[in-house]
Ligand code: GLU
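In the working numbering, the protein residues as written are 25 to 576.
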């Protein structure tokens, strides 16, 4: 859900009957994912005051209040906060009035005497989703960032205006809604899913699938665009794609995850395939999810099609080294940047934000090179130890407890504090939009290696460049994942498996080559590294477009 703090939903209940307030409170208090933060008001005026004072994700509204009645109550809330979804809570004798409010623009109504935890939560979730679909599918900060980065590169390189227009939006987008059954057999959830293909010019399209409660068309489109530049930058024969489902996967059982995945795979199957578009893991998905997609697609075809996804388990045709490839690639590039900056890695300190697949592997490989890891974090907490953290011990702790919270060998700090620690190398490997105009001047690293996609805003870029921070931009720094995905696809289409050594050697030389080209371009034209990397990618795509010409 599109809420200020990710998985927290802020609910304003405007209701004068304390018994009903108590009931809603009880029903919502049982839910952890999402977590509901409930505030309530006994009169319309008090409700409007609260709407004015703080951001609210959804309003639960009783139409009969001491200071307002009937449709007028709804109209006054709607005109006061036109973008906030409203769910009417009504008594049985006022259902007709509630239905009128829905006709007038309320998202839904619920009958107080029939209220259950499921009906209440579902109604609010759908209300938020529908409002979001109506208002904000394309309008995402991430898509705006991706477009602005592209426009900046286009301007610096003098890109042909026709091509600039063509590349600014994805070529093909598929929006689906899909139902899946909860383990409680009577409950069926409907969620939104996406698959976006940015450019079909370069070969099949390629990119991950993300399961997260904030996924939207704009976010997936931004990520697809970045995949295009990333693939072109490292010279892979792919255009960019990305997919996602708007759901918090941590709230699902393994059976639910499987049913959701299989149905999503079926919904997008018309536009994926080994020669069309090849998904891979991203945030919230992993090799198990890829195995289910591969199986679903293969069942529908009637024969096994390993090359339809990458990042699969080894036994299904996965590539050796794919699981850790993004983290390994980040570290290969840090080694190149360190050579260039004359930093001796065994004397360096590092901070890694995010302890998922990318962050934990980057931390491990850095520590193997003798870098002292002084801070790591995940969604629950940051851990700081200026004497150095033991990555194997952290990995063991997370394997047992899932999250870093409670890890004993360090001080617990927030994710914001973590980013501002004094260190040589900072690796943001969690979410987008972490280094912004607000905190950029407090970032104290020498080298910033972006394991995540889109962690730094353009405004922050300017501040960091001014401060002389050397940036390994996301499309370069995290390109190791898709590079080994390419190896996996090649191996699957040829039925020929490589050794881990072959995979790592080839990965290293591809990334070293991309680093050298980017650095040369940056130095020759006095571009920052992000602009140089973007231009490397955009130029290749533009050349391919011109070479193919225009159909018809
Ligand atoms: N999701 C990864 C990325 O953002 C990997 C994509 C792939 O392997 O196709 O680069």
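The C-beta atom is built at its ideal place from N, Cα and C for all residues, glycine as well.
CA-CA distance, residue 66 to residue 129, rounds to 23 Å. At least one heavy atom of the ligand GLU falls within 7 Å of the beta-carbon of residue 305. If you compare the alpha carbons of 71, 123 and 51 with that of residue 139, the shortest gap goes to 51.
By the C-beta density criterion, residue 547 is exposed, having fewer than 16 other C-beta atoms within 10 angstroms. Nearest neighbour of residue 569 by Cα position, chosen from 61, 368, 195 and 31, turns out to be 195.
By the neighbour-count criterion, in which 16 or more other beta carbons inside 10 Å mark a residue as buried, residue 78 falls on the exposed side.
In the three-state reduction of the DSSP assignment, residue 436 falls in the strand class.
Contact between residue 257 and residue 357 fails: their C-beta atoms lie close to 12 Å from each other, not under 8 Å. Residue 480 sits close to residue 474, with the two beta carbons spaced by under 8 Å.
About 6 Å separates the Cβ atoms of residue 527 and residue 343, confirming a contact at the 8 Å cut-off. Taking a contact to require three or more Cβ pairs closer than 8 Å, the segment 314–331 and the segment 239–248 do not qualify as touching. The count of Cβ pairs closer than 8 Å, one atom from the segment 133–153 and one from the segment 426–434, stays below three, leaving the stretches out of contact. Residue 213 sits away from residue 219, with the two beta carbons spaced by 8 Å or more. DSSP places residue 94 in the helix class (H, G or I) of the three-state scheme. Along the segment 103–162, the alpha helix (DSSP H) occurs as fully enclosed runs of 4 or more residues at 119–127 and 141–160, listed in sequence order. Residue 58 is positioned such that its CB atom lies no closer than 8 Å to that of residue 402. Per DSSP, the beta-bridge partners of residue 236 are 270. With the rule of 3 Cβ pairs closer than 8 Å, the segment 460–478 does not count as touching the segment 184–198. Rounded to the nearest whole angstrom, the C-alpha separation of residue 381 and residue 40 is 49 Å. The count of Cβ pairs closer than 8 Å, one atom from the segment 259–274 and one from the segment 299–313, reaches three, so the stretches are in contact.
Using a Cβ distance threshold of 8 Å, residue 216 and residue 153 count as a contacting pair. Residue 555 sits buried, since 16 or more C-beta atoms from the chains shown fall within 10 Å of its C-beta. Leaving aside the five residues that flank residue 221 on each side, the residues in its chain whose CB is nearer than 8 Å to its CB run, in chain order, 194, 195, 196, 197, 229, 248, 263, 264, 265, 295 and 301. Where residue 301 is concerned, the enclosing beta strand (DSSP E) starts and stops at 301–305. The ligand GLU never approaches residue 249 closely enough for any of its heavy atoms to be under 7 Å from the residue's Cβ.
Taking C-beta atoms under 8 Å as the contact rule, residue 92 and residue 102 fail to qualify, at a distance of about 13 Å.
Its chain contains 397, 398, 399, 400, 442, 443, 445, 447, 449, 450, 451 and 469 as the residues whose beta carbon lies nearer than 8 Å to that of residue 375, once the 5 sequence neighbours on both sides are disregarded; these appear in chain order.
Shown here, residue 389 sits in a helix according to DSSP, grouped into three states.
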